[in-house]
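To start, the structure under review is shown below, and the notes come after it.
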Amino acid sequence: MALIECSKCGGKISDSAKICPHCGHNFIDEATRKENAKEFGKLSESEQKALRGEYDSLNPGLSMAEKKVKKRKKMLLVFAVISWVLMMPAVVLLMVAQFRIDDIERLVFARLMLADLFIIFLLAIDLVVYYSLRHGQKKINKIWLRELKRFKVWLNNDKQMTYSIFFLTDKEKEIFNSFTEDI
0 MALIECSKCG GKISDSAKIC PHCGHNFIDE ATRKENAKEF GKLSESEQKA LRGEYDSLNP
60 GLSMAEKKVK KRKKMLLVFA VISWVLMMPA VVLLMVAQFR IDDIERLVFA RLMLADLFII
120 FLLAIDLVVY YSLRHGQKKI NKIWLRELKR FKVWLNNDKQ MTYSIFFLTD KEKEIFNSFT
180 EDI
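Just so we're aligned, residue 0 is where the sequence shown starts under numbering that gives the first Met the number 0, counting upward by one.
This is the structure:
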């Protein structure tokens, strides 16, 4: 007979116990539920959409978080494209602009200096905006991971389904696991 931790309250209980004496959690129901549970990822796309729709009608946070993530990614892409589209013609104009300088070497040097300064200025603006958008993206990712955790708990508790989530980074997994099941 060994002591294990209750998955709900964390109290020490016997491994042969069917119900936690601390919180009343029923381990028999949990074992039965795990045996009968379907995997969300193995459902057809239409069934997954139906479940997401049902969850969204109860908790609109996940769809809102997904929309914010998509909007933020689109903003980053649009900003990057616009900044480069604006930068290239400006550099070309600076290179062909007419200066009233008699010495050809000084003329070339002046054009190159202006072009370099302009590029540095645009890159500095680009970096500032990029990092501010990225900081906002981190906040939105946290919101999205919290909503994903809620969705997983809802599937497990209400629909008796499991949901295997694959994370791109260990940091995402760490943030996801930091949320408790009673969120």
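Backbone N, C-alpha and C fix where the C-beta goes; we use that ideal spot for every residue, glycine too.
Item	Value
Pair within 8 angstroms by beta-carbon distance, S82 and D125	yes
R110 versus F120, V128 and V91, residue with shortest Cα-Cα distance	V91
For C22 and K7, believed in contact at Cβ under 8 angstroms, the rounded distance	5 angstroms
C-alpha gap between K141 and I174, whole angstroms	7 angstroms
For I164, the first and last residue of its enclosing beta strand (DSSP E)	Looking at the DSSP string, I164 is not in any beta strand (DSSP E), and its letter there is neither H nor E.
Per-residue DSSP class, three states only, for K7	coil
Cβ-Cβ distance between G135 and R71 below 8 angstroms	yes
K37 in three-state terms, based on DSSP	strand
Closest residue to K37 among L147, E171, T179 and N156 (Cα-Cα distance)	N156
Exposure of E46, with buried meaning 16 or more beta-carbon neighbours within 10 Å	exposed
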